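Numbering of the sequence shown is given in the working numbering, commencing with residue 1128 and proceeding in unit increments.
Structure first, then comments.
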Amino acid sequence: MKTSAHEKFLEMLGWEGDELKSFLPDWKRAAKLMGLSDKDVAFAVEQWIPAYWDLSLSGVKKFVAACIRGVVEVARGASYKAEGHSLIYMNMPSVPIPAYANVLAGGGRVHVFYPAYLMINVLTAFFNKYCNKTRAEDDPGSLRSPCANCALNRFRLQTCGSELMARPSVSWSWGLRCSEAPKTDEMMQCLCSSDAPNVYVVLPHDVPSGEVEADDRARVDLLAGKLRLAQSEVSGITGVTVTDADVRAAAEVYMQYMDKVQTLTDLVMNADCLPISGGELALFGLCVETCLCIDKSYVLDALDTIIAEVRERIDRGEGFGSRVAPRLACHFNPLCAPWLDKAFRDNGVCLVQGKLFPFADKFRGYLEQEEDVYKAVARIILSVPSVMNMLDEARINAELVTRYPVDGALYGFYSSDSWVGALQKTMVKVIEAETGVPHFYIEGNLWDLSGEAYETRLAIVRSICNYLKISNI
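The structure is reproduced here in structure tokens:
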């Protein structure tokens, strides 16, 4: 019997035998939810994944498989709800400690998903599917917009109307880095005729620029109070009490992951040759601001595996480029654009991740210093780029450029974002002046890239690469 594209896809990622047979129907349901056709899956198997993801590395294969398990869990939401379980949807990338706390306290009866964020990363990274306006009307990401609305919010609005997407018990709306997200949640509640309540965590961006927000006690206390109140509201809906001990335990789960990500980042960034690509490094950092709602062993085992494989490659002197090849720190998520990462490598420049990762030691310090765990979580959240004020973020990014010396830094792809995108062009000038490291900027929408001219993007990449190579002579 002929093997289907879906079976080949799962086999590529390590499924086999009875496990493949039992998992296949759930994967097909998840693929349908994301708008993937058999042709799309075949394209991923035959062309896209082999071109951009090194599956000879078992760690990469395992982490991609973990992402697929994550989207399958989202598609299983309806069956969980039919069994009387509670579903909590998180709307935006956010530090997932509150998510883990609810899962731990729920004892298997509470499921927390970042559905749109996870699906849109899977679609862009592994299937080259973007939320541009040229897609078919029945695709989940096809929502037309006459203005430059965030494609992630468009995707959320479209998928909420899908009969395959279970209605949540509660939507936990994070508006810390995106003012549009809570508004989208209110619109979704109206348009999708949903009776699921929204619980909001928002902060005004009213701190003086340059203030270190994680050390501002008034700011920390305010956010900690909002987190505690939001958790109380969520517990009132799910019927599951989340104690401070649950939050502490959740923070430890998160720190197990963060410690491994920091180890991986240190190894990769300090190697003479880049043992894995910038996109692959970004892949392992996906759970910095999301959770897959699967057994943590899948993620931690993938990290242990890739760390061992990276050490082996470093010992053998294998990797991309060399110590003299220019390195460009990427201050957006290259996971969504693996072709961009490869374009830089093809032109002699190594794109490396320059955001989010090396904060494990700082985060653990907050957890040790604060008796109130919600204040520790608040400080962690206020230490994540794109959440704090512009000059505070500039300070952190300047520290990263110093910690991991690079030849340049690349920003952009948030042109539709009224907060992140509006500040970046000014911020890069501040960081460049402070560090002396040249900074570059590319216009675009991170989750809507296929509507842009590919050759135009390549021309910009070549120009940046030529500048860096000439500067290194």
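In this text, a Cβ means the ideal position worked out from N, Cα and C, and glycines have one as well.
Here the structure is a predicted model, which is why all the values come from computation and not from measurement.
Member of the options whose CA lies at the smallest distance from the CA of residue i
| i | options | result |
| --- | --- | --- |
| leucine 1303 | Ser1221, Gln1358, Ala1278 | Ser1221 |
| asparagine 1602 | Ala1409, Thr1432, Gln1285 | Limits of the chain in this structure are 1128 at one end and 1600 at the other, which puts residue 1602 out of reach. |
| tyrosine 1384 | Tyr1227, Val1369, Leu1151 | Tyr1227 |
| isoleucine 1195 | Cys1305, Ala1252, Val1500, Val1451 | Ala1252 |
| tryptophan 1301 | Val1328, Cys1317, Arg1450 | Val1328 |
| phenylalanine 1136 | Ala1169, Lys1148, Ser1149, Lys1469 | Ala1169 |
| serine 1362 | Glu1134, Val1237, Glu1526, Gly1563 | Val1237 |
| glutamine 1358 | Met1315, Ala1470, Val1500 | Val1500 |
| valine 1249 | Pro1565, Gly1448, Leu1413 | Leu1413 |
| alanine 1351 | Leu1330, Val1339, Gly1144 | Leu1330 |
| threonine 1432 | Ser1164, Gly1186, Glu1146, Phe1150 | Gly1186 |
| glutamate 1379 | Ala1525, Thr1392, Lys1423, Gly1406 | Lys1423 |
| lysine 1387 | Phe1486, Thr1583, Ser1321 | Phe1486 |
| alanine 1525 | Gly1197, Leu1356, Thr1562 | Thr1562 |
| lysine 1502 | Leu1349, Thr1370, Pro1512, Ala1560 | Leu1349 |
| alanine 1171 | Ala1132, Val1555, Asp1473, Thr1553 | Ala1132 |
| aspartate 1153 | Gly1197, Asn1325, Lys1166, Asp1371 | Gly1197 |
Classification of residue i by the beta-carbon crowding that lies within 10 angstroms, buried from 16 upward
| i | result |
| --- | --- |
| alanine 1521 | buried |
| glutamine 1496 | exposed |
| alanine 1263 | With a pLDDT of 48 at alanine 1263, under the threshold of 50, the modelled position of that residue is not reliable, and the figure given next carries that caveat. Exposed: under 16 other Cβ atoms inside 10 Å. |
| arginine 1271 | Any reading at arginine 1271 needs caution, since the residue's pLDDT is 47, under 50, leaving its predicted position unreliable; the model's value is listed next. Flag for arginine 1271 reads exposed. |
| glycine 1366 | exposed |
| leucine 1354 | buried |
| aspartate 1312 | buried |
| glycine 1211 | exposed |
| tyrosine 1581 | exposed |
| arginine 1443 | exposed |
| lysine 1188 | buried |
Sequence-distant residues of its chain with Cβ nearer than 6 Å to residue i (five each side left out)
| i | result |
| --- | --- |
| tryptophan 1175 | Asn1255 |
| leucine 1455 | Val1476, Leu1478, Gly1535, Leu1537 |
| glycine 1337 | Leu1518 |
| arginine 1506 | Ala1341, Val1347, Tyr1493 |
DSSP-derived helix/strand/coil call for residue i
| i | result |
| --- | --- |
| tryptophan 1175 | helix |
| alanine 1586 | helix |
| arginine 1454 | strand |
| leucine 1184 | coil |
| phenylalanine 1282 | helix |
| arginine 1271 | A caution first: arginine 1271 carries a pLDDT of 47, below 50, which makes its placement in the model unreliable, though a value can still be read off. Coil at arginine 1271, not helix or strand. |
| cysteine 1463 | helix |
| glycine 1535 | strand |
| lysine 1260 | Unreliable positioning characterises lysine 1260 in this predicted model, as indicated by a pLDDT of 43, which lies under 50. The coordinate reading is nonetheless provided below. Lysine 1260 falls in the coil class under three-state DSSP. |
| leucine 1509 | coil |
| tryptophan 1154 | helix |
| asparagine 1516 | coil |
| methionine 1217 | strand |
| leucine 1330 | coil |
| tyrosine 1227 | helix |
Residues near residue i by beta carbon distance below 7 Å, same chain, minus five either side
| i | result |
| --- | --- |
| valine 1239 | Ile1215, Met1217, Ala1226, Asn1229, Val1230, Cys1418, Cys1420 |
| glutamate 1445 | Cys1400, Pro1402 |
| phenylalanine 1381 | Correcting the residue type first, residue 1381 is tyrosine in the shown sequence and not phenylalanine. Within the same chain, tyrosine 1381 has close Cβ partners Pro1223, Ile1224, Tyr1227. |
| methionine 1396 | Val1479, Tyr1531 |
| tryptophan 1142 | Phe1150 |
| methionine 1515 | Glu1340, Leu1509 |
| phenylalanine 1411 | Phe1190, Val1388, Leu1391, Leu1430, Ile1433 |
| asparagine 1280 | Glu1307, Ala1308, Thr1311 |
Nearest-angstrom Cβ-Cβ length linking residue i and residue j, presumed shorter than 8 Å
| i | j | result |
| --- | --- | --- |
| valine 1334 | valine 1504 | Contact flag wrong, Cβ pair sits at about 18 Å. |
| proline 1453 | leucine 1595 | 4 Å |
| arginine 1156 | leucine 1245 | About 15 Å; that fails the 8 Å criterion. |
| leucine 1182 | methionine 1139 | 7 Å |
Own chain, CB closer than 8 Å to residue i, minus 5 neighbours either side, in chain order
| i | result |
| --- | --- |
| serine 1296 | Lys1208, Ser1213, Leu1214, Ile1215, Ala1323, Ile1364, Thr1365 |
| glutamate 1200 | His1238, Phe1240, Leu1419, Cys1420, Ile1421 |
| lysine 1489 | Ser1510 |
| leucine 1163 | Leu1250, Phe1254, Lys1256 |
| proline 1273 | Unreliable positioning characterises proline 1273 in this predicted model, as indicated by a pLDDT of 48, which lies under 50. A coordinate reading is not provided. |
| leucine 1427 | Gln1383, Tyr1384, Lys1387 |
Minimum Cβ-Cβ distance from residue i to chain B less than 8 Å
| i | result |
| --- | --- |
| leucine 1585 | This model lacks chain B altogether, as it is built from one protein chain only. |
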